[in-house]
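Below you'll find the structure, written out as structure tokens, and then a few comments.
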Ligand SMILES: [Zn+2]
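In this note's numbering, the protein residues as written are 2 to 142.
Encoded structure:
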């Protein structure tokens with residue numbers, strides 16, 4: 002066993018209910034499903050989060066997710082689905098091996114994100130332009 006539960010799953014040292022695999026990605030059932038069908042897509046190699054992920058691999062993970070998500074919806078008769086990834090403890094990441102959640106959604110399923118008080122409030126264009134400039138400047142990838 003390593004100190005990463007998803008590396009152990011990727012190498013077959015720990016059991017998982019696998020739904021998809023290719024050379025770079027693996028998809029399996031979340032052991033703590035929010036809803037039945039909740040599936041995780043991970044890279045086979047240990048990468049902490051999306052910010053650390055090589056761009057080509059990020060694309061491959063999204064391709065794998067795009068293959069798995071419709072199958073999850075079909076198998077669960079879901080009304081829709083979310084794909085998301087938590088990056089960093091403050092964002093809710095609990096296993097520090099990059100993973101994308103594929104969460105089937107059902108009418109009235111009560112799951113949701115909490116928005117801050119006062120949302121939605123449109124930001125002034127000048128603030129948006131200033132932040133966009135900071136982000137463009139910070140983009141080194
Ligand atoms: Zn790992």
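C-beta: ideal position from N, C-alpha, C; glycine also.
Exercise. Is the region 98 to 114 in contact with the region 35 to 48, if contact means three or more CB pairs nearer than 8 Å?
Worked result: Between the region 98 to 114 and the region 35 to 48 there are three or more inter-stretch CB-CB distances shorter than 8 Å, so the stretches are counted as touching.
For this session: For residue 147, collect the residues of the same chain with a Cβ closer than 8 Å to its Cβ; drop the 5 residues on either side in sequence, then sort them by chain order.
Result: Nothing about residue 147 can be reported from this structure: the residues present for the chain run from 2 to 142 only.
For this session: Answer yes if the region 63 to 81 comes into contact with the region 18 to 26, meaning at least three C-beta pairs across the two stretches below 8 Å, and no otherwise.
Result: Flag = yes, the region 18 to 26 and the region 63 to 81 touch.
Exercise. Thinking C-alpha only, which one of 33, 49, 133 and 28 is nearest residue 90?
Worked result: As a working note, residue 90 is residue 89 in the chain shown. Here the closest residue by C-alpha is 49.
Exercise. Which stretch, first to last residue, makes up the beta strand (DSSP E) that contains residue 40?
Worked result: Residue mapping note: residue 40 aligns to position 39 of the chain shown, counting from 1. Per DSSP, residue 40 belongs to the beta strand (DSSP E) from 40 to 44.
For this session: Check the C-beta distance from residue 86 over to residue 51 and give it rounded, since I have them as a contact under 8 Å.
Result: Residue 86 sits at position 85 when you count from the first residue of the chain shown. Residue 51 sits at position 50 when you count from the first residue of the chain shown. Confirmed, Cβ separation roughly 6 Å.
Exercise. Looking only at its own chain, which residues have a Cβ that is under 7 Å from the Cβ of residue 1, when we skip the five neighbours before and after it?
Worked result: Residue 1 falls outside the range modelled here, since the chain spans only 2 to 142, and no answer is possible.
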